[in-house]
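Take a look at the structure below.
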Amino acid sequence: MGRINRTNAATAVGEGTLTEALARRDVLRLRHAVLTAAADAAAGRDQGVSRCGSCGRS
Numbered sequence: 037m038g039r040i041n042r043t044n045a046a047t048a049v050g051e052g053t054l055t056e057a058l059a060r061r062d063v064l065r066l067r068h069a070v071l072t073a074a075a076d077a078a079a080g081r082d083q084g085v086s087r088c089g090s091c092g093r094s
């Protein structure tokens, strides 16, 4: 795992590194899950059901 992390940190992607791109992706995925859950709750849908893509529940 350490070798993968070093490679990701050294790999340029756009204006940053692969590590930074992966972190941005993870933040966007979390924001999307939060906003989707809030919209579903406001619409009275899927209350109590997680839509988290990374946790394996739907």
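Count the sequence shown with the numbering used here and you get residues 37 to 94, in order. Here a beta-carbon is modelled for each residue, glycine too, at the ideal position from N, C-alpha and C.
message: Rounded to whole angstroms, what is the Cα-Cα separation between Arg81 and Asp62?
response: Each residue's CA atom was taken as its position, placing Arg81 and Asp62 some 25 Å apart.
query: Can you tell which of Glu51, Gly50, Glu56 has the C-alpha that lies nearest to the C-alpha of Val42?
result: Looking at the sequence itself, residue 42 is Arg, so the reference to Val does not match. Minimum Cα distance to Arg42 is reached at Glu56.
query: CA-CA distance, Val70 and Ala77?
result: Straight-line Cα distance between these residues: approximately 11 Å.
message: Helix, strand or coil for Thr47? Go by DSSP, reduced to three states.
response: The answer is coil: DSSP assigns Thr47 none of H, G, I, E or B.
- prompt: Assuming Asn44 contacts Leu58 under a Cβ cut-off of 8 Å, what Cβ separation, rounded to an integer in Å, is found between them?
  reply: Right, the Cβ-Cβ distance comes to about 7 Å (below 8 Å), so this counts as a contact.
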